[in-house]
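Participant:
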Amino acid sequence: MTTPPAPFENLKHLAEQGNATQRAKDVSTALQAIPDLQKWLREIRHGAVQEMREDGLSHAQVAAELGISRARAQQIAEGRTTGKRADLPARPASSEEKTA
257 MTTPPAPFEN LKHLAEQGNA TQRAKDVSTA LQAIPDLQKW LREIRHGAVQ EMREDGLSHA
317 QVAAELGISR ARAQQIAEGR TTGKRADLPA RPASSEEKTA
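Going by the numbering used here, the first residue of the sequence shown is number 257, and it counts up by one from there.
Structure, rendered in structure tokens:
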């Protein structure tokens, strides 16, 4: 693969680094940062799904918009990544949760 996937085109310079040693170091650094990148992207997605829910969309509607299952939409909304709660910033309780 000579061209990175679309969301990461701005990383193409890593493959074009002329010095092989520096290229290997730069790519190693980028690879080591992938867990942090994944966490950051999950936080953005979680926030976006929370906004969708606050705008009145049901989990089923969120799922349809994102092309995922309703259960997965609910997991994301709750901050779960693999069946357990993720380490995401706390959000204020909704009015429904406060009255429950």
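Built from N, CA and C at the ideal position, the CB exists for glycine as well.
Assuming contact is defined by CB atoms lying nearer than 8 Å, are residue 279 and residue 273 in contact in what I supplied?
Facilitator: Reading the sequence shown from its first residue, position 23 is the one you call residue 279. Reading the sequence shown from its first residue, position 17 is the one you call residue 273. The answer is yes: Cβ separation under 8 Å.
Participant: Drop a sphere of 10 angstroms on the beta-carbon of residue 331, count the other beta-carbons inside from all chains shown, and report buried for 16 or more, exposed for fewer.
Facilitator: For the purposes of this step, residue 331 is taken as residue 75 along the sequence shown, with counting starting at 1. Residue 331 comes out buried.
Participant: Assign residue 320 to buried or exposed, taking buried as 16 or more other Cβ atoms, counted over all protein chains shown, within 10 Å of its Cβ.
Facilitator: Stepping through the sequence shown from its first residue, residue 320 is reached at position 64. By the 10 Å Cβ count, residue 320 comes out exposed.
Participant: Between residue 316 and residue 292, what straight-line distance do the alpha-carbon atoms span, to the nearest angstrom?
Facilitator: As a first step, residue 316 must be located in the sequence shown, where it is residue number 60. As a first step, residue 292 must be located in the sequence shown, where it is residue number 36. Rounded to the nearest angstrom, the two C-alpha atoms are 29 Å apart.
Participant: Give the single residue among 337, 266, 263 and 333 whose Cα lies nearest to the Cα of residue 304.
Facilitator: On the sequence shown, residue 304 is found 48 positions in, with the first residue counted as 1. When each option's Cα is compared against that of residue 304, the closest is 333.
Participant: If you count every other CB in all the chains shown that lies within 10 Å of the CB of residue 269, and 16 or more means buried, which is it?
Facilitator: The sequence position of residue 269 within the sequence shown is 13, counting from 1. Flag for residue 269 reads exposed.
Participant: If you count every other CB in all the chains shown that lies within 10 Å of the CB of residue 329, and 16 or more means buried, which is it?
Facilitator: As a first step, residue 329 must be located in the sequence shown, where it is residue number 73. Buried, by the Cβ-count rule.
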